[in-house]
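Below: the structure, in structure tokens.
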Amino acid sequence: MEVKDSNGNLLAEGDSVTLIKDLKVKGSSLTLKRGTLVKSIRLTNSPAEIEGRAGGSTMVLKTEFLKKA
2 MEVKDSNGNL LAEGDSVTLI KDLKVKGSSL TLKRGTLVKS IRLTNSPAEI
52 EGRAGGSTMV LKTEFLKKA
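Numbering (my numbering), first residue to last: 2 to 70.
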């Protein structure tokens, strides 16, 4: 399974990615700002999602809002 960022670059376990858009976190008042770096990502079963630590907690992010750092 190939996982690609918004620019079409391949993502792998342990890569670092940057947010390209401000994202509101569901169930929280937290907003992740554009340019936030997410280090050491983990791939999920879905090619459209990755898991990583951002804003002090682990969350699942859509790859359409990420670019490889």
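From the three backbone atoms N, C-alpha and C, an ideal C-beta is built for every residue, glycine too.
The beta strand (DSSP E) enclosing residue i, as first and last residue numbers
i     : result
LEU20 : 18–20
LEU62 : 58–63
ILE42 : Element bounds for ILE42: n/a, residue is neither H nor E.
GLY53 : 50–55
LYS69 : 67–69
Burial state of residue i (16 or more Cβ within 10 Å)
i     : result
ASP6  : buried
VAL4  : buried
ALA70 : exposed
For residue j and residue i, believed in contact at Cβ under 8 Å, the rounded distance
i     : j     : result
THR64 : LEU11 : With 8 Å as the limit, THR64 and LEU11 do not qualify as a contact, their Cβ atoms being about 11 Å apart.
THR59 : ILE51 : Their Cβ separation, rounded to whole angstroms, is 11 Å, which puts THR59 and ILE51 out of contact at 8 Å.
GLY57 : VAL26 : About 11 Å separates the two Cβ atoms, so there is no contact after all.
Practice problem: Could you tell me whether the segment 37–44 touches the segment 13–26, where touching means 3 or more Cβ pairs closer than 8 Å? | Solution: yes
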